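Report on one structure; see the data block that follows.
In mature numbering (1 follows the signal peptide of the UniProt record, and there is no 0), the protein residues as written are -21 to -1, 1 to 259.
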(Lines of atoms letter the chains of each structure in order from A and count residues from 1; the text may use other names and numbers.)
(Lines give C-alpha, C1' and ligand atoms only; values in the text may rest on other atoms or scores of the structure.)
Protein backbone atom coordinates (compact mmCIF):
# COMPACT_ATOMS: atom_id res chain seq x y z
CA UNK A 1 0.00 0.00 0.00
CA UNK A 2 2.86 2.34 0.88
CA UNK A 3 4.51 1.61 -2.46
CA UNK A 4 1.26 2.40 -4.27
CA UNK A 5 0.90 5.76 -2.48
CA UNK A 6 4.51 6.61 -3.30
CA UNK A 7 3.95 5.82 -6.98
CA UNK A 8 0.77 7.90 -6.98
CA UNK A 9 2.60 10.87 -5.41
CA UNK A 10 5.40 10.63 -7.97
CA UNK A 11 2.85 10.50 -10.79
CA UNK A 12 1.07 13.69 -9.65
CA UNK A 13 4.40 15.50 -9.21
CA UNK A 14 5.27 14.57 -12.79
CA UNK A 15 1.92 15.92 -14.03
CA UNK A 16 2.40 19.21 -12.13
CA UNK A 17 5.90 19.69 -13.53
CA UNK A 18 4.59 19.00 -17.05
CA UNK A 19 1.81 21.56 -16.70
CA UNK A 20 4.22 24.20 -15.41
CA UNK A 21 6.51 23.58 -18.37
CA UNK A 22 3.63 23.99 -20.83
CA UNK A 23 2.45 27.11 -19.03
CA UNK A 24 5.92 28.61 -19.35
CA UNK A 25 5.94 27.92 -23.09
CA UNK A 26 2.47 29.45 -23.49
CA UNK A 27 3.58 32.48 -21.48
CA UNK A 28 6.65 32.95 -23.66
CA UNK A 29 4.56 32.57 -26.82
CA UNK A 30 2.01 35.02 -25.45
CA UNK A 31 4.72 37.54 -24.63
CA UNK A 32 6.18 37.11 -28.10
CA UNK A 33 2.73 37.63 -29.64
CA UNK A 34 2.15 40.77 -27.56
CA UNK A 35 5.57 42.12 -28.53
CA UNK A 36 4.82 41.35 -32.19
CA UNK A 37 1.45 43.12 -31.91
CA UNK A 38 3.06 46.18 -30.33
CA UNK A 39 5.67 46.23 -33.08
CA UNK A 40 3.00 46.05 -35.76
CA UNK A 41 1.04 48.80 -34.00
CA UNK A 42 4.11 51.02 -33.94
CA UNK A 43 4.58 50.45 -37.67
CA UNK A 44 1.06 51.75 -38.28
CA UNK A 45 1.79 54.99 -36.45
CA UNK A 46 3.04 57.97 -38.44
CA UNK A 47 5.22 60.67 -36.90
CA UNK A 48 3.48 64.02 -37.35
CA UNK A 49 5.39 66.56 -35.26
CA UNK A 50 8.60 66.27 -33.24
CA UNK A 51 10.08 68.65 -30.69
CA UNK A 52 12.73 68.17 -27.99
CA UNK A 53 12.81 64.40 -28.47
CA UNK A 54 9.02 64.10 -28.09
CA UNK A 55 6.75 63.23 -31.00
CA UNK A 56 3.06 63.40 -31.87
CA UNK A 57 1.98 60.32 -33.83
CA UNK A 58 -1.13 59.73 -35.91
CA UNK A 59 -2.87 56.41 -36.56
CA UNK A 60 -6.25 55.00 -37.54
CA UNK A 61 -8.33 53.83 -34.57
CA UNK A 62 -11.79 52.35 -35.13
CA UNK A 63 -11.90 53.88 -38.60
CA UNK A 64 -11.00 57.41 -37.44
CA UNK A 65 -7.67 59.24 -37.47
CA UNK A 66 -6.40 59.96 -33.95
CA UNK A 67 -3.26 61.61 -32.57
CA UNK A 68 -1.06 60.29 -29.78
CA UNK A 69 0.92 62.47 -27.37
CA UNK A 70 2.60 61.15 -24.23
CA UNK A 71 0.76 57.80 -24.70
CA UNK A 72 -2.62 59.60 -24.64
CA UNK A 73 -5.00 59.53 -27.62
CA UNK A 74 -6.61 62.72 -29.01
CA UNK A 75 -9.17 63.26 -31.77
CA UNK A 76 -7.50 66.36 -33.26
CA UNK A 77 -3.95 67.50 -33.86
CA UNK A 78 -4.66 70.73 -32.01
CA UNK A 79 -5.53 68.93 -28.77
CA UNK A 80 -2.45 66.72 -29.11
CA UNK A 81 -0.38 69.87 -29.63
CA UNK A 82 -1.89 71.28 -26.43
CA UNK A 83 -0.58 68.14 -24.73
CA UNK A 84 2.94 69.18 -25.77
CA UNK A 85 2.32 72.65 -24.36
CA UNK A 86 1.22 71.18 -21.05
CA UNK A 87 4.46 69.21 -20.98
CA UNK A 88 6.31 72.52 -21.32
CA UNK A 89 7.76 71.42 -24.64
CA UNK A 90 6.32 74.36 -26.58
CA UNK A 91 6.32 77.98 -25.48
CA UNK A 92 6.20 80.37 -28.42
CA UNK A 93 6.37 83.38 -26.10
CA UNK A 94 9.82 82.37 -24.90
CA UNK A 95 12.24 83.86 -27.40
CA UNK A 96 15.11 81.63 -26.32
CA UNK A 97 13.09 78.53 -27.19
CA UNK A 98 12.01 80.01 -30.51
CA UNK A 99 15.66 80.51 -31.43
CA UNK A 100 16.54 76.90 -30.66
CA UNK A 101 14.44 75.21 -33.32
CA UNK A 102 12.65 75.71 -36.58
CA UNK A 103 9.05 74.46 -36.08
CA UNK A 104 8.53 73.97 -39.83
CA UNK A 105 11.31 71.45 -40.31
CA UNK A 106 9.80 68.63 -38.23
CA UNK A 107 6.13 69.08 -39.12
CA UNK A 108 4.66 66.41 -41.40
CA UNK A 109 1.65 68.40 -42.59
CA UNK A 110 0.55 65.83 -45.14
CA UNK A 111 0.04 63.25 -42.38
CA UNK A 112 -2.64 65.54 -40.91
CA UNK A 113 -4.83 65.38 -44.00
CA UNK A 114 -8.05 63.40 -44.25
CA UNK A 115 -8.38 59.96 -45.79
CA UNK A 116 -10.15 60.84 -49.07
CA UNK A 117 -7.60 60.25 -51.89
CA UNK A 118 -8.89 62.84 -54.37
CA UNK A 119 -9.06 65.53 -51.67
CA UNK A 120 -5.49 64.73 -50.65
CA UNK A 121 -4.39 65.00 -54.29
CA UNK A 122 -6.03 68.40 -54.65
CA UNK A 123 -4.40 69.59 -51.42
CA UNK A 124 -1.00 68.56 -52.76
CA UNK A 125 -1.58 70.46 -56.00
CA UNK A 126 -2.44 73.64 -54.10
CA UNK A 127 -0.17 73.47 -51.03
CA UNK A 128 2.66 70.97 -51.51
CA UNK A 129 5.37 73.62 -51.76
CA UNK A 130 3.78 76.19 -49.45
CA UNK A 131 4.14 76.01 -45.65
CA UNK A 132 3.44 78.68 -43.02
CA UNK A 133 6.39 80.81 -44.10
CA UNK A 134 4.83 80.87 -47.56
CA UNK A 135 1.10 81.32 -46.91
CA UNK A 136 1.50 83.87 -44.08
CA UNK A 137 3.17 86.45 -46.33
CA UNK A 138 1.34 89.76 -46.87
CA UNK A 139 -1.17 89.22 -44.06
CA UNK A 140 -2.16 85.71 -45.24
CA UNK A 141 -2.90 86.82 -48.80
CA UNK A 142 -1.61 83.56 -50.29
CA UNK A 143 -3.51 81.50 -47.71
CA UNK A 144 -6.72 83.22 -48.80
CA UNK A 145 -5.98 82.60 -52.48
CA UNK A 146 -5.04 78.98 -51.86
CA UNK A 147 -8.17 78.26 -49.84
CA UNK A 148 -10.33 79.63 -52.66
CA UNK A 149 -8.46 77.57 -55.25
CA UNK A 150 -8.81 74.39 -53.18
CA UNK A 151 -12.54 74.96 -52.62
CA UNK A 152 -13.17 75.52 -56.32
CA UNK A 153 -11.18 72.42 -57.30
CA UNK A 154 -13.30 70.37 -54.90
CA UNK A 155 -16.46 71.92 -56.32
CA UNK A 156 -15.29 71.00 -59.81
CA UNK A 157 -15.16 67.27 -59.02
CA UNK A 158 -18.80 67.58 -57.87
CA UNK A 159 -19.73 69.22 -61.19
CA UNK A 160 -20.65 72.62 -59.75
CA UNK A 161 -19.38 76.03 -60.86
CA UNK A 162 -16.53 77.83 -59.07
CA UNK A 163 -17.17 80.53 -56.49
CA UNK A 164 -16.21 84.15 -57.08
CA UNK A 165 -14.59 86.05 -54.22
CA UNK A 166 -16.16 89.43 -53.45
CA UNK A 167 -14.80 92.28 -51.35
CA UNK A 168 -18.06 92.77 -49.44
CA UNK A 169 -18.30 89.14 -48.32
CA UNK A 170 -14.59 89.12 -47.49
CA UNK A 171 -15.01 92.19 -45.29
CA UNK A 172 -17.91 90.51 -43.46
CA UNK A 173 -15.92 87.29 -43.05
CA UNK A 174 -12.91 89.23 -41.76
CA UNK A 175 -14.99 90.95 -39.07
CA UNK A 176 -16.31 87.58 -37.97
CA UNK A 177 -12.80 86.06 -37.88
CA UNK A 178 -11.54 88.97 -35.79
CA UNK A 179 -14.45 88.51 -33.37
CA UNK A 180 -13.55 84.83 -32.99
CA UNK A 181 -9.91 85.65 -32.28
CA UNK A 182 -10.96 88.06 -29.54
CA UNK A 183 -13.36 85.63 -27.86
CA UNK A 184 -11.38 82.46 -28.50
CA UNK A 185 -14.65 80.65 -29.25
CA UNK A 186 -16.15 79.26 -32.46
CA UNK A 187 -19.47 81.06 -32.92
CA UNK A 188 -21.78 80.73 -35.93
CA UNK A 189 -23.78 83.74 -37.10
CA UNK A 190 -25.60 82.35 -40.15
CA UNK A 191 -28.99 82.34 -38.38
CA UNK A 192 -28.92 86.13 -38.56
CA UNK A 193 -27.65 86.57 -42.13
CA UNK A 194 -28.59 85.79 -45.70
CA UNK A 195 -25.39 83.90 -46.34
CA UNK A 196 -23.95 80.55 -45.29
CA UNK A 197 -20.65 80.02 -43.53
CA UNK A 198 -17.89 77.57 -42.72
CA UNK A 199 -15.73 78.26 -39.67
CA UNK A 200 -12.62 76.75 -38.16
CA UNK A 201 -9.64 77.36 -35.88
CA UNK A 202 -6.26 75.78 -36.45
CA UNK A 203 -2.73 75.71 -35.14
CA UNK A 204 -0.96 78.42 -37.13
CA UNK A 205 1.44 75.95 -38.78
CA UNK A 206 -1.34 73.90 -40.42
CA UNK A 207 -3.96 76.50 -41.34
CA UNK A 208 -3.69 75.33 -44.96
CA UNK A 209 -5.34 72.00 -43.99
CA UNK A 210 -8.65 73.62 -42.98
CA UNK A 211 -10.59 73.05 -46.23
CA UNK A 212 -9.36 69.46 -46.36
CA UNK A 213 -10.76 68.93 -42.85
CA UNK A 214 -14.12 70.38 -43.85
CA UNK A 215 -14.27 68.17 -46.92
CA UNK A 216 -13.56 65.08 -44.81
CA UNK A 217 -17.19 65.35 -43.64
CA UNK A 218 -18.22 64.01 -47.05
CA UNK A 219 -17.51 60.50 -45.73
CA UNK A 220 -20.65 60.77 -43.63
CA UNK A 221 -22.97 62.21 -46.27
CA UNK A 222 -25.76 60.17 -47.88
CA UNK A 223 -26.33 61.63 -51.36
CA UNK A 224 -29.46 59.59 -51.98
CA UNK A 225 -31.21 60.72 -48.80
CA UNK A 226 -29.67 64.19 -48.80
CA UNK A 227 -28.44 64.14 -45.21
CA UNK A 228 -25.33 63.69 -43.10
CA UNK A 229 -25.04 60.81 -40.67
CA UNK A 230 -23.42 63.11 -38.12
CA UNK A 231 -25.36 66.31 -38.90
CA UNK A 232 -22.21 67.99 -40.22
CA UNK A 233 -22.70 70.88 -42.65
CA UNK A 234 -19.27 72.28 -43.56
CA UNK A 235 -18.83 69.93 -46.53
CA UNK A 236 -22.32 70.54 -47.90
CA UNK A 237 -21.86 74.32 -47.82
CA UNK A 238 -18.48 74.04 -49.56
CA UNK A 239 -19.93 72.33 -52.64
CA UNK A 240 -23.48 73.75 -52.51
CA UNK A 241 -24.49 74.22 -56.13
CA UNK A 242 -26.64 77.29 -55.50
CA UNK A 243 -23.85 79.30 -53.85
CA UNK A 244 -22.11 81.66 -56.30
CA UNK A 245 -19.95 84.00 -54.21
CA UNK A 246 -17.54 83.68 -51.30
CA UNK A 247 -15.62 85.84 -48.85
CA UNK A 248 -12.73 84.56 -46.74
CA UNK A 249 -11.67 86.09 -43.43
CA UNK A 250 -8.41 85.13 -41.70
CA UNK A 251 -7.26 86.30 -38.28
CA UNK A 252 -4.28 85.05 -36.29
CA UNK A 253 -3.82 85.26 -32.53
CA UNK A 254 -0.88 83.71 -30.70
CA UNK A 255 -0.55 80.13 -32.04
CA UNK A 256 -4.08 79.95 -33.53
CA UNK A 257 -5.45 81.05 -36.92
CA UNK A 258 -9.21 81.56 -37.29
CA UNK A 259 -10.74 81.08 -40.74
CA UNK A 260 -14.26 82.15 -41.73
CA UNK A 261 -15.82 81.64 -45.17
CA UNK A 262 -19.08 83.40 -46.08
CA UNK A 263 -21.20 82.13 -48.99
CA UNK A 264 -23.98 83.75 -51.03
CA UNK A 265 -26.60 82.60 -51.66
CA UNK A 266 -26.44 80.51 -48.51
CA UNK A 267 -26.39 76.73 -48.63
CA UNK A 268 -27.71 74.03 -46.32
CA UNK A 269 -31.31 74.99 -47.06
CA UNK A 270 -33.80 72.43 -45.79
CA UNK A 271 -35.38 70.39 -48.57
CA UNK A 272 -32.75 71.46 -51.14
CA UNK A 273 -29.86 69.11 -50.36
CA UNK A 274 -30.39 66.47 -53.07
CA UNK A 275 -30.47 69.11 -55.83
CA UNK A 276 -27.48 71.10 -54.52
CA UNK A 277 -25.09 68.51 -53.06
CA UNK A 278 -24.09 66.41 -56.05
CA UNK A 279 -21.98 63.23 -55.93
CA UNK A 280 -18.51 63.06 -57.43
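A virtual CB, placed ideally from N, CA and C, is assigned to each residue, including glycine. The structure presented is a predicted model; accordingly, all values stated were derived computationally and were not measured.
Report the rounded CA-to-CA distance for residue 135 versus residue 257, giving the unit in angstroms.
-> 11 Å
Is there contact here, the stretch 96 to 105 with the stretch 36 to 56, by at least three beta-carbon pairs under 8 Å?
-> no
Could you give the distance in angstroms between the alpha-carbon of residue 187 and the alpha-carbon of residue 125?
-> 8 Å
Use the C-beta contact count for residue 43: other C-beta atoms within 10 angstroms, 16 or more gives buried, fewer gives exposed.
-> exposed
Use the C-beta contact count for residue 181: other C-beta atoms within 10 angstroms, 16 or more gives buried, fewer gives exposed.
-> buried
Residue 37 beta carbon near the ligand ATP (any heavy atom closer than 7 Å) = In the structure shown, the ligand ATP is absent, as is every other ligand, since no ligand is present at all.
Which first and last residues belong to the beta strand (DSSP E) in which residue 261 is found?
-> Look at the range of the chain in this structure, -21 to 259, and you will see that residue 261 is not part of it.
Quick one, which of 197, 177, 220 has its alpha-carbon nearest residue 227's?
-> 177
Could you say which of 152, 247, 230, 107 lies nearest to residue 218 if we only look at CA atoms?
-> 247
Report the three-state DSSP secondary structure of residue 113 (helix, strand or coil).
-> helix
Pick out whichever of 214, 154, 237, 159 has its Cα sitting closest to the Cα of residue 185.
-> 237
May I ask which residues mark the beginning and end of the alpha helix (DSSP H) holding residue 318?
-> In the structure as shown, the chain starts at -21 and stops at 259, and residue 318 therefore has no counterpart that could be examined.
Name, in chain order, the residues that DSSP records as bridge partners for residue 48.
-> 51
Per DSSP, what kind of secondary structure is residue 256 in: helix, strand or coil?
-> coil
Return yes when the Cβ of residue 148 is within less than 8 Å of the Cβ of residue 130, no when it is not.
-> no
Kindly indicate which residue of 221, 29, 174, 35 has the alpha-carbon position closest to the one of residue 251.
-> 221
For residue 177, write down the residues that DSSP places opposite it in a beta bridge.
-> 240
Buried or exposed (CB count within 10 angstroms, at least 16 for buried), residue 162 = exposed
Around the Cβ of residue 146, are there at least 16 other Cβ atoms within 10 angstroms (buried) or fewer (exposed)?
-> exposed
Start and end of the beta strand (DSSP E) containing residue 212?
-> Careful: residue 212 lies outside any beta strand (DSSP E) and carries neither H nor E.
With respect to the alpha helix (DSSP H) encompassing residue 89, which residues constitute its N-terminal and C-terminal limits?
-> Counting along the chain, residue 89 falls outside any alpha helix (DSSP H), and DSSP gives it neither H nor E.
Going by CA-CA distance only, name the one from 89, 94, 96 that's closest to residue 109.
-> 89
Where does residue 344 land, buried or exposed, given buried means 16+ other C-beta within 10 angstroms?
-> Any property of residue 344 remains undetermined from this structure, which presents the chain solely from -21 to 259.
Starting from the Cα of residue 172, find the closest Cα among 33, 159, 151, 165 and give me that residue.
-> 151
Nearest to residue 33 by CA position, among 53, 62, 96, is which residue?
-> 62
Which value, in whole angstroms, describes the spacing of the CA atoms of residue 137 and residue 65?
-> 42 Å
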